[in-house]
Amino acid sequence: MSPPAGPGGALKDDTALTSSWRPAALAALLPGLLIALALAGAAVLASRYTPAWLGAPAMALIAGIALRLMMGGAPAIAMPGLSAAYGPILKAAVVLLGLRLGGEELAALGWSGAGLAIAAVAVGFAATLALARVMGVDRDMARVMAAGISICGASAALAAGAALKARQEAVTTTLAAITLIGGIAMVLIPVIAHKLGMAPVSAGIWAGASLHELAHATGAAAALDEEASAPGVGAKLVRVAMLAPVLMLLAPGGANGKQGLARLVPPWFVTGFVIAALIAWQAPLPDGLTSASAQLAALLFCAALAGLGLAIDPRGILRAGWRPIVLCALASLVLLSATFAGAWFLI
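Quick look at the structure:
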């Protein structure tokens, strides 16, 4: 089993990782997986005692990078498991994310709020790609960042990176930019909404339609008013639901313009996400099971981030320079402005 691509390389396809279930092959995954899961668990626990803007995903990524720096690089024995962490483990987390799409929050959102959330995905994507073209940001990073800004932050960026087989540094740099800008926006939205006297429902929908991470949107909506929480989370979940069609467009055959059946067949984890979402919508699961699946998905996403942080050379992030941060800030500002106008005048 070969190690993942080096700095600047593409995210390793998980075909080789899942093609053999021999005990020796599975044993080779254990060291890296255990390291990634341990870092993820520590990040989830630590996030309970840190500000909401510094969530478990950001802490897992930071922990992976810090461990790599302390060790002088990722140990070779861990590389197969790290590939699995941001390969099939990540994709399993995407499937579990579909179970989060319950009906209660969506019902509180209403049709106008749902329409605004869907429009937000289109605005965020278009703004990011247009600004990236003007600023000279490469296509890989632009599309990964567009997914992260428009849909659900780190989860969408990781899933888009996997679908695109994007360069590792494009994904890692995007995650760093989204964590920074998203955290700032999460703090500012409640302050601005209160200062302007925005109605709680409208303010909650604004937060859900604009903030990158589900945790950011939930935290901002909770800081606004109890009445803002359900529609805010509902708006965010509508954006999460757009993950499947966006990944189908980004995947090879969709994004690259290839014709034929390959363009119509989504990646397996996108199909799984849709099936899980339909189950959650048509046959709501018990609260305990929904909560457990959400916690497991969060842990697996953090494991993917920890594995990515440990496997990537931080010098690749530094080489990206200032453009990704500025791109994320400008695209987020466009999204925040557009969704504010929609929430203020339409809701």
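Positions in the sequence shown are counted from 1; adding 1 to them yields this note's numbering. For glycine and all other residues, C-beta sits at the position ideal for the given N, C-alpha and C.
- Put simply, the backbone Cα of A75 is about 9 Å away from that of I313.
- Within 10 angstroms of the beta-carbon of V335 lie 16 or more other beta-carbons, which makes it buried.
- Minimum Cα-Cα distance from A86 among the listed residues L35, I280 and W323 corresponds to L35.
- Below 8 Å, too few C-beta pairs join the segment 185 to 202 and the segment 158 to 165 to call them touching: fewer than three.
- A127 and I348 have their C-alpha atoms spaced approximately 23 Å apart.
- For I66, the closest of C329, L309 and V327 by C-alpha to C-alpha distance is L309.
- Contact between P32 and M146 does not hold, since the beta-carbon distance rounds to 32 Å and is not under 8 Å.
- Distance from H213 to G233 at the Cβ level is roughly 14 Å; contact not present, criterion being Cβ atoms closer than 8 Å.
- Between L100 and A277, the gap from beta carbon to beta carbon is short of 7 Å.
- From the listed residues L110, P315 and T129, the smallest Cα separation to T174 is found for P315.
- For the 7 Å CB-CB criterion, A204 and T340 do not form a contact.
- Straight-line spacing of the CA atoms in F302 and P201 works out to 31 Å.
- Taking the CA atoms as reference points, W282 sits about 43 Å from G322.
- Excluding five sequence positions before and after A222, the CB atoms of its chain that fall closer than 7 Å to its own CB belong to G205, A208, G209, A229, S230, G233 and V234, given in chain order.
- Per DSSP, the unbroken alpha helix (DSSP H) holding P32 starts and ends at P24 to A47.
- Annotation for L279: the continuous alpha helix (DSSP H) segment containing it runs W269 to Q283.
- Counting along the chain, the unbroken alpha helix (DSSP H) around P191 starts and ends at Q169 to K196.
- Of the candidates W345, L46, L311 and L331, the residue whose Cα lies closest to the Cα of G73 is L311.
- As the crow flies, the alpha-carbon of S292 is around 18 Å from that of G273.
- Annotated as proximal: A304 and I90, with beta-carbon spacing under 7 Å.
- A contact is defined here as three or more CB-CB pairs under 8 Å, and the segment 44 to 63 fails this definition with respect to the segment 128 to 143.
- Nearest in C-alpha terms to V239, of all of L117, V327 and L290, is L117.
- Within its own chain, the residues whose Cβ lies closer than 7 Å to the Cβ of G114, once the five positions on either side in sequence are excluded, are I206, P232, G235, A236 and I348, listed in chain order.
- For H217, the enclosing alpha helix (DSSP H) has its first and last residue at L215 to L225.
- Approximately 26 Å separates the beta-carbon atoms of A28 and V45; this is outside 8 Å, ruling out the contact.
- In the same chain as V96, and ignoring 5 residues on each side of it, the C-beta atoms closer than 7 Å to its own belong to F270, G273, F274 and A277, in chain order.
- Excluding sequence positions up to five before and after R69, its CB lies within less than 6 Å of the CB of A75 and L311, all in the same chain and listed in chain order.
- Judged by beta-carbon spacing, A94 lies beyond the 7 Å limit of C329, meaning their Cβ atoms are not closer than that value.
- Rounded to whole angstroms, the Cβ separation of G154 and M187 is 11 Å, and the two are not in contact under 8 Å.
- Look at A330 here: in three-state DSSP terms it is helix.
- Taking the Cα positions, E227 is about 16 Å away from A216.
- If you ignore the 5 residues before and after A332, its C-beta comes within less than 7 Å of the C-beta of G125, A128, T129, L132 and I150, all in its own chain and listed in chain order.
- Residue state for V138 is assigned as coil, using DSSP reduced to three classes.
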